[in-house]
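S.K.: Protein sequences, first through last, are from chains A and Y.
Note that my numbering numbers the first sequence so that position 79 is 79, with each residue one more than the last.
Here my numbering = 1-based position in the second sequence + 232.
I am attaching a structure below and will ask some questions about it afterwards.
Protein chains: 2
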Amino acid sequence: MRGIDVPTVREIPPFTEMSDACFEEVLQMAYLQRFPPQVQLITEGDPADFLHIVIEGTVELFGTSNGRETTMAVLRPPSTFILAAVLKDAVYLMSARTIDRARVLMIPAENVRHAMEEDPAFARAMVMELASGFRSVVKTLKEQKLRTGVERLANYLIRAHDQTGSDGQVELTEDKRTLAAVLGMTPENLSRAFATLRAYGVEVHGSTINLTKMDDLIHLAQPTPLIDHRSI
Amino acid sequence: MRGIDVPTVREIPPFTEMSDACFEEVLQMAYLQRFPPQVQLITEGDPADFLHIVIEGTVELFGTSNGRETTMAVLRPPSTFILAAVLKDAVYLMSARTIDRARVLMIPAENVRHAMEEDPAFARAMVMELASGFRSVVKTLKEQKLRTGVERLANYLIRAHDQTGSDGQVELTEDKRTLAAVLGMTPENLSRAFATLRAYGVEVHGSTINLTKMDDLIHLAQPTPLIDHRSI
DNA sequence: CGAGCCATTGACAGAGGTCAAGGCGTGTGG
DNA sequence: CCACACGCCTTGACCTCTGTCAATGGCTCG
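Below you can see the structure in the form of structure tokens.
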């Protein structure tokens, strides 16, 4: 293994319950690499040679077709990505690039598949990871098809609010350009969506957002655990 | 097992490589049920008690929120659905209803998870199924976000054409109302999309479609294996 | 033959993208 | 210290895509 802080990696979900022998073997051929912002890590259509795990920083998954581009997900640690492609020994369906400076652990696909054969606990963890990923994409698709842009923004703010202080204030963790991509709209449209939400007590001061009429906002957003509850 | 034609079930992908003992045990508690058209099989938000496998007929997965509804997928045999919810012992994220008359095999979630622990071949088949499902949803999301309605229809016709005779003729396997749902648009919009495609050699005669200018149609549709290739 | 469903078409409205212009803050260089 | 340039965000005008509502025509089935 190259450049790896072993104890840190050992605490990341897919590895916590792994046998020592398999852990050793998997890390044997793995890389831990640092990347500057805006570096493309993988390209859709390429064979899936490595399983990727975000250890630090932020990574964006995106898709392209017909000259258009769309953000599929934004990942923060600890997140595994392109697991399905690795298991099926297929090509990547999405591309990935860093947003922040980031550290990414890369494990050869071969070793991942082998470790799953050998170590039932690791296999179970990977299956759970895959199932969670599946459900995430389903929620994203539901959100995309069932909500307007304004509603997606409102629900995003409510989620961010619940996950942090819940004190009526939200600090955006990404610039608005990126937030627009996450929410599946253009930056211009995001500005308009914020303007629309002013009537629902959403006050924008740079990257700080105050929510002064939570009841009104929730009434507009209609959050549901079947879309908004991350990790269910 | 109740009402099950054992040899038939044995030939369905997840069961082909299963050990006899596990196969017996799984089927022990399973139901094979017949349903008339338009019957709701599962409801989003309910706990995932059974893994479902479509043996015959057509099943639609759909999602609801805020009084709106959207089709997530249309399944034909042999298709497993809601596998992720079963593995995570979570609630359904989608609802399901029959379109046709259908036969569905239902296996208690408990037994599925137990069989995966006991039978590595079955576990592997289930993981492959889950990974394939994941990639399907990703493709659906990409198609939804990157293509207009007209483009989605054009690509659907090209896929249908390639999968059947490839003789310039396509026979629609569902009524247009359902096709519109599959493509994520209203029936009115589907009609207009067909009208738009007339200029690209698409001639509609009831449920028979003639494609007389494949080159033009392909040029418009810009198909890509990373969205359109089913089972990659 | 009539009821009812489906598909089609037209008119309209809303959501969202594109293009262009301008404001504001930050940082750099004179 | 100020001037300028650059990037990001915002705003306005406009257009496309899509959904909604309503009316019509065709088909099937009782």
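C-beta atoms are modelled at their ideal positions from N, C-alpha and C, and glycine is treated no differently.
Under DSSP, the alpha helix (DSSP H) around Y/Asn387 begins and ends at which residues?
M.R.: It spans 381–395 - the alpha helix (DSSP H) in which Y/Asn387 sits, taken as one unbroken run.
S.K.: Is it buried or exposed for Y/Ala431, if we count other Cβ within 10 angstroms and need 16 for buried?
M.R.: exposed
S.K.: For chain Y, is any of its Cβ atoms less than 8 Å away from the one on A/Leu130?
M.R.: yes
S.K.: For the stretch 19–38 of chain A, list every residue whose C-beta sits within 9 Å of some C-beta in chain Y, in sequence order.
M.R.: Identification of residues in the stretch 19–38 of chain A having a C-beta nearer than 9 Å to some C-beta of chain Y yields an empty set.
S.K.: Would you kindly report the start and end of the unbroken alpha helix (DSSP H) that includes Y/Asn343?
M.R.: Boundaries of the alpha helix (DSSP H) harbouring Y/Asn343: 341–350, taken from the DSSP string.
S.K.: For chain A, find out if any of its Cβ atoms is closer than 8 Å to the Cβ of Y/Val344; answer yes or no.
M.R.: no
S.K.: Under 8 Å between the Cβ atoms of Y/Ala334 and Y/Thr290?
M.R.: yes
S.K.: What is the DSSP secondary structure of Y/Thr248, reduced to helix, strand or coil?
M.R.: helix
S.K.: What residues in the stretch 377–392 of chain Y bring their beta carbon closer than 8 Å to a beta carbon of chain A?
M.R.: Lys377, Leu378, Arg379, Glu383
S.K.: What is the DSSP secondary structure of Y/Val369, counted as helix, strand or coil?
M.R.: helix
S.K.: Identify, in the order they occur along the chain, each residue of the same chain with its Cβ nearer than 8 Å to the Cβ of A/Arg113, setting aside the five sequence neighbours on each side.
M.R.: Val86, Leu87, Asp89
S.K.: Taking C-beta to C-beta, are A/Val39 and A/Ser79 nearer than 8 Å?
M.R.: no
S.K.: Would you mind working out which of A/Leu190, A/Asn155, A/Val202 sits nearest A/Gln169, comparing C-alpha positions?
M.R.: Checked all of A/Leu190, A/Asn155, A/Val202; the closest Cα to A/Gln169 is A/Val202.
S.K.: Measuring only between beta-carbons, confirm whether A/Leu141 sits less than 8 Å from chain Y.
M.R.: yes
S.K.: Who are the Cβ neighbours of Y/Tyr388 in its own chain at under 7 Å, not counting the five residues just before and after it?
M.R.: Around Y/Tyr388: Leu415.
S.K.: Who are the near neighbours of Y/Thr440 in its chain, counting only those whose CB is closer than 7 Å to its CB and skipping five residues on each side?
M.R.: Excluding residues up to 5 positions away in sequence, Gln401, Glu403 lie with their Cβ nearer than 7 Å to the Cβ of Y/Thr440 in the same chain.
S.K.: Secondary structure at A/Leu41, three-state DSSP: helix, strand or coil?
M.R.: strand
S.K.: One question on the structure: do A/Ile99 and A/Thr178 come within less than 8 Å of each other, judged by their Cβ atoms?
M.R.: yes
S.K.: From the DSSP output, in three-state form, read off Y/Gln454 for me.
M.R.: coil
S.K.: Please say whether Y/Ile339 and Y/Phe282 have beta carbons closer to each other than 8 Å?
M.R.: yes
S.K.: State buried or exposed for Y/Thr380, treating a residue as buried only when at least 16 other CB atoms are found within 10 Å of its CB.
M.R.: exposed
S.K.: Mind pulling the chain Y residues with CB within less than 8 Å of A/Glu44?
M.R.: Using a Cβ-Cβ cut-off of 8 Å, A/Glu44 is close to Leu458 of chain Y, given in chain order.
S.K.: Using a Cβ-Cβ distance under 8 Å, would A/Thr178 count as near chain Y?
M.R.: no
S.K.: According to a CB-to-CB cut-off of less than 7 Å, which residues of the stretch 203–228 of chain A neighbour chain Y?
M.R.: Gln222, Thr224, Leu226, Ile227
S.K.: Measure the alpha-carbon distance for A/Ala121 versus A/Met18 and round it to whole angstroms.
M.R.: 6 Å
S.K.: CB Y/Thr302 to CB A/Lys145, shorter than 8 Å?
M.R.: yes
S.K.: Taking its Cβ as the centre, do 16 or more other Cβ atoms sit within 10 Å of Y/Gly365, making it buried, or is it exposed?
M.R.: buried
S.K.: Entirely within the stretch 160–199 of chain A and at least 4 residues each: give me those alpha helix (DSSP H) ranges in chain order.
M.R.: 176–182, 187–197
S.K.: Using a 10 Å radius around the Cβ and a threshold of 16 neighbouring Cβ atoms, would you call Y/Pro455 buried or exposed?
M.R.: Result: buried.
S.K.: Check this for me: beta carbons of Y/Leu362 and Y/Ala316, under 8 Å apart or not?
M.R.: yes
S.K.: May I have the straight-line CA-CA distance separating Y/Pro279 from Y/Ile314, to the nearest angstrom?
M.R.: Each residue's Cα considered, the two are about 11 Å apart.
S.K.: Less than 8 Å separating the beta-carbons of A/His52 and A/Leu41?
M.R.: yes
S.K.: Return the chain-ordered list of same chain residues with a C-beta closer than 7 Å to the C-beta of Y/Glu375, the five sequence neighbours on each side being excluded.
M.R.: Arg384, Ile459
S.K.: Let me see if you follow: with CB-CB separation under 8 Å, is A/Gly57 close to chain Y or not?
M.R.: no
S.K.: Does DSSP put A/Thr8 in a helix, in a strand, or in coil?
M.R.: helix
S.K.: Along chain A, which residues have their Cβ under 9 Å away from the Cβ of Y/Met304?
M.R.: Below the 9 Å Cβ cutoff, chain A contributes Val138, Leu141, Lys142, Lys145 as neighbours of Y/Met304, in chain order.
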